[in-house]
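Residue numbers (the working numbering): 573 to 861.
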Amino acid sequence: MGHLDHATFGWLTPLLSYAMACIGAALGLSCTVRALDTTGRSRRNWLITAASAIGSGIWTMHFVAMLGFGVYGTDIRYDVPLTLLSLLGAMVVVGGGVFAVGYSRDRTRALLLGGFATGLGVASMHYLGMAALRLHGTVHYDPLRVVLSVVIAVIAATAALWAALNIRSPRAVALASLVMGAAVSSMHYTGMLAVTVRVTPSGSTLHGATAMQFIFPLAVGLGSYLFLTSAFVALSPTAPERAAYVDAGRAQPPADPASTATAVPAGRGPGTRTRRAGRSPGTAPAGTR
Numbered sequence: 573m574g575h576l577d578h579a580t581f582g583w584l585t586p587l588l589s590y591a592m593a594c595i596g597a598a599l600g601l602s603c604t605v606r607a608l609d610t611t612g613r614s615r616r617n618w619l620i621t622a623a624s625a626i627g628s629g630i631w632t633m634h635f636v637a638m639l640g641f642g643v644y645g646t647d648i649r650y651d652v653p654l655t656l657l658s659l660l661g662a663m664v665v666v667g668g669g670v671f672a673v674g675y676s677r678d679r680t681r682a683l684l685l686g687g688f689a690t691g692l693g694v695a696s697m698h699y700l701g702m703a704a705l706r707l708h709g710t711v712h713y714d715p716l717r718v719v720l721s722v723v724i725a726v727i728a729a730t731a732a733l734w735a736a737l738n739i740r741s742p743r744a745v746a747l748a749s750l751v752m753g754a755a756v757s758s759m760h761y762t763g764m765l766a767v768t769v770r771v772t773p774s775g776s777t778l779h780g781a782t783a784m785q786f787i788f789p790l791a792v793g794l795g796s797y798l799f800l801t802s803a804f805v806a807l808s809p810t811a812p813e814r815a816a817y818v819d820a821g822r823a824q825p826p827a828d829p830a831s832t833a834t835a836v837p838a839g840r841g842p843g844t845r846t847r848r849a850g851r852s853p854g855t856a857p858a859g860t861r
């Protein structure tokens, strides 16, 4: 039985993974709140951004934490296609839950179905990412801890979607993202506690990429995407702010008519027309015959 180490770099990877989960959650919640205040194409674009933010945030959290995962007695590699599939799957499934909440008229039903689907998506991402693990040995799971990790994922996703439906203030969104980040990290480490590895010593070469060769650059790229998108969302005006701008424009005093009136040329005023209108066609000017 191989000895597992979940923090080979100490507290660095757990704290960094938790930070990435919180950033993804905060960005996703903010985008969902913006989406619920809009309609049409704008709502769709905000929901897509929310799904990509939450999905990439959860994925980055998982694999940043996996940077600190080690098994004594064997090297570790990752299957690149399966790893990318876990990222895509997380975004797609989370997107399904977010869109269900964004477009459904029955908010309670959408919340339950969306939370369940999103939670399963988070859990699927985790275990699909674990399936991409390559090492000399076999990986086994404790069924009860696996079920517990899935339950935590569903509860965390449902709580996040509820927060998106009921929370509007930035402070409340920040607090909800901290709670969701803790829940997602708890789901990850609960799933990792379900893992046991039976090492089989071998001199064969493992196929796949190391964490530093593939996962670290991708995690950095996604982390940069989350930071840049967070800046974009922070600088975008909310619906109340746009309404305030419109009201401020309407409240401006009208322009002074005296400053915009055009000068009337001499001899062309209204009185001139009146005097001319008083002459008959056959009347000659005074002093003529």
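Note that CB positions come from ideal geometry on N, CA and C, so glycine has one too.
Predicted model, so just to flag it, every value in this text is computed and none were measured.
- In this model, residue 669 and residue 614 are separated by some 18 angstroms (Cα to Cα).
- One alpha carbon belongs to residue 709, the other to residue 653, and they sit about 21 angstroms apart.
- Using a C-beta cut-off of 8 angstroms, the region 778 to 791 makes no contact with the region 615 to 623, since fewer than three inter-stretch Cβ pairs fall below that distance.
- Per DSSP, the continuous alpha helix (DSSP H) segment holding residue 616 begins and ends at 612 to 638.
- In this structure, the CA atom of residue 706 is about 27 angstroms from the CA atom of residue 591.
- By a beta-carbon distance limit of 8 angstroms, residue 754 does not contact residue 732. Their separation comes to about 12 angstroms.
- Note on residue 588: 16 or more other CB atoms within 10 angstroms of its CB, so buried under the neighbour-count rule.
- Counting C-beta pairs with one atom in each stretch, the region 635 to 645 and the region 754 to 771 have three or more that are closer than 8 angstroms, which means they touch.
- According to DSSP, residue pairing for residue 643 in a beta bridge involves 576.
- For residue 627, the closest C-alpha among the options 690, 649, 682 is that of 690.
- Membership of residue 760 in the alpha helix (DSSP H) is indicated by the continuous run 742 to 765.
- Here residue 760 is near residue 698, since their CB atoms are less than 9 angstroms apart.
- Checking the DSSP bridge columns, you'll see residue 650 partnered with 705, 781.
- Per DSSP, residue 604 is one residue of the alpha helix (DSSP H) stretching across 584 to 608.
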